[in-house]
Every structure is written in C-alpha cells, then in structure tokens.
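Asks: With mature numbering (1 follows the signal peptide of the UniProt record, and there is no 0) as the guide, the letters of the sequence shown map in order to residues -22 to -1, 1 to 207. Beta carbons: idealized from backbone N, C-alpha and C, even for Gly.
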Amino acid sequence: MRNTLHLILLFSVVLGFNLNSAAQDYFRMSADFTTKVKPVEGKMNLTKGKIYYDKYSQELIYDISFPSKEKWIVQDSKIYKITNDSVYFTEEIPSMNEFTVFHLALNSNLTYFGLDEAKFSISNIDKKGDLVISYWNIPPHIQKVISTIAIAKKNNQLHSIVITGENNKILNKQFFKDYIQIGGFEFPGSIVQIFYDENNNEEYQVMEFKNIELNDIDNEENYHYQLDN
C-alpha cells in the first residue's frame, strides 16, 4: 500500500491542475483489490481488501482485510489509518484523489491519464508495432522534477506510462492490463508499477482488481467515513 500512495502522490505532482468532468454516467465504484509488492530487498508483501471511491465527494477508502483489518481514508489533503474505529495514524499529503486511476476512469479520462484534460500538450507521436506512443510537453514549474512523460496506447486503451527525471533517469514505469469493461466503463484489471531508487534498483508492485461495481446507491455508508473532530 505504501507504493500505491507513492504512485498517487507522483501523479498529484505531475498533474497539479483541475480536470474537467466530462462524463457523468459513472459517479462511484467499488472493487476487490490485491496488492503484491516486491521490494529491492526482502520478501514479497501482500495486501487484500476493497476500495470505494465516489468522484463527487472525492473520498477514497481502502477497506483492508489482509494482513490485518484496517481502513485507510483519503480525504482532502490527509490520509487517516484506522483500526477498530480509532485513528492511529494521520499524515498530510497533496490533494490527489481526482488524479487517481479511479477518478480518471469514472470520468473517461484514463486513455492519456488525464494529461489531455490538464495543461499538457503532445510534443510528438510515434508508432512502435501495435503501440501508439505520445510524448508530452512538461510545464515549466515541474521540469526540475520530471523531464519527460511518454504514454503508450494499445487498441485505444492506456497501455503504459514511463516518467523520467533529471538526466533522463527513469523514475517509474506503469503497465495497465486485462481491462474490465462494463457498458461504456473501462478499468484495468491489473496495474504493474516499477519504481527505481537512487541506485537504479527496481521495486515491483502489482495491483489486481475484480468484482467492480458501479453507481451503488444501496450502500452509501461504504463510500463515506465520518471522522471524529
């Protein structure tokens, strides 16, 4: 789960703009998830649970069932970790929920990971086999952090993203696979992320999703968590 937040935080820095909500057909989703993390050193870590996201409240809830029962609530610019209805950890983070894969998919902005709806523009397009790769101009205020973003599409679906930093050092790669389609809604059943440390060692994370449910209005309490002041 740590690297899940790492990914979201990275994209909150990348996008940093308000996205227009063009599609209104799908406003909330839930899904079973499994996360497998293979650090540079050590054993693989496994996390299982369910995610709930409502795009209007922009409240993201991880209801974790394994390795132990707890909830992670991401609201506004804070993350709360909760066990037995008691908050045991709080941290301020960039406001980021509208830049998650969940928000982008609900708004049909996943193809270019929302870059086309933010203040980014395509600098070049290339074709390699069955992949169409677009290279994006980076806004000046984040050029010290990110030098290039390349997005590959396959069959008009988001296939992969490669982000590089200073001296074209790869910061991370992401691959989106096994798409699940429900009506006009599409969501990757598997997201593979590869992170690189300062020594260029790789850390892998795989998130898998299944049992997606859209626009659930019968279980309102699952999508909102009332925190005590």
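Between N193 and Y4, is the Cβ-Cβ spacing less than 8 Å?
Replies: Start at 1 with the first residue of the sequence shown, and residue 193 comes out as number 215. Start at 1 with the first residue of the sequence shown, and residue 4 comes out as number 26. In this structure, Y4 lies closer than 8 Å to N193 by Cβ.
Asks: Output needed for N115: all residues of its chain with C-beta closer than 6 Å, excluding positions within five of it in sequence on either side, in chain order.
Replies: As a working mapping, residue 115 is identified with position 137 in the sequence shown. S99, S101, listed in sequence order.
Asks: Using CA atoms only, rank isn't needed, just tell me which of K122, Q135, I160, K132 is closest to N146.
Replies: Taking the first residue of the sequence shown as 1, we reach residue 146 at position 168. Checked all of K122, Q135, I160, K132; the closest Cα to N146 is K122.
Asks: With three or more C-beta pairs closer than 8 Å as the rule, is the stretch 123 to 139 touching the stretch 53 to 66?
Replies: Contact fails: fewer than three Cβ-Cβ distances are below 8 Å.
Asks: Looking at the secondary structure, which residues open and close the alpha helix (DSSP H) in which V123 lies?
Replies: As a position in the sequence shown, residue 123 is number 145, starting the count at 1. That residue, V123, is in no alpha helix (DSSP H); it is neither H nor E in DSSP.
Asks: Taking A83 as part of the beta strand (DSSP E), name the residues at either end of that continuous run.
Replies: Counting from one through the sequence shown, the residue named residue 83 turns up at place 105. Looking at the DSSP string, A83 is not in any beta strand (DSSP E); the run it does join, the alpha helix (DSSP H), is 79 to 84.
Asks: Could you check what DSSP says for Y90 in three-state terms: helix, strand or coil?
Replies: As a position in the sequence shown, residue 90 is number 112, starting the count at 1. In the structure shown, Y90 sits in coil (DSSP, three-state: anything other than H, G, I, E or B).
Asks: Alpha carbon to alpha carbon, how far is T61 from G162? Give it in angstroms, no decimals.
Replies: Looking up residue 162 in the sequence shown gives position 184. Looking up residue 61 in the sequence shown gives position 83. About 37 Å.
Asks: Assuming residue 218 is part of the beta strand (DSSP E), what are its boundary residues?
Replies: Because the chain here runs from -22 to 207, residue 218 falls outside it and cannot be looked at.
Asks: Spatial neighbours of L82 within its chain, please: CB distance less than 7 Å, with the 5 preceding and 5 following residues excluded, ordered by chain position.
Replies: For this step, residue 82 is matched to residue 104 along the sequence shown. The answer, listed in chain order, is L88, F91, G92.
Asks: Any idea what DSSP makes of I(-15), helix, strand or coil?
Replies: Taking the sequence shown and counting its residues from 1, the one referred to as residue -15 is at position 8. With a pLDDT of 44 at I(-15), under the threshold of 50, the predicted position of this residue should be treated as unreliable, though the coordinate-derived value follows. Three-state DSSP puts I(-15) in a helix.
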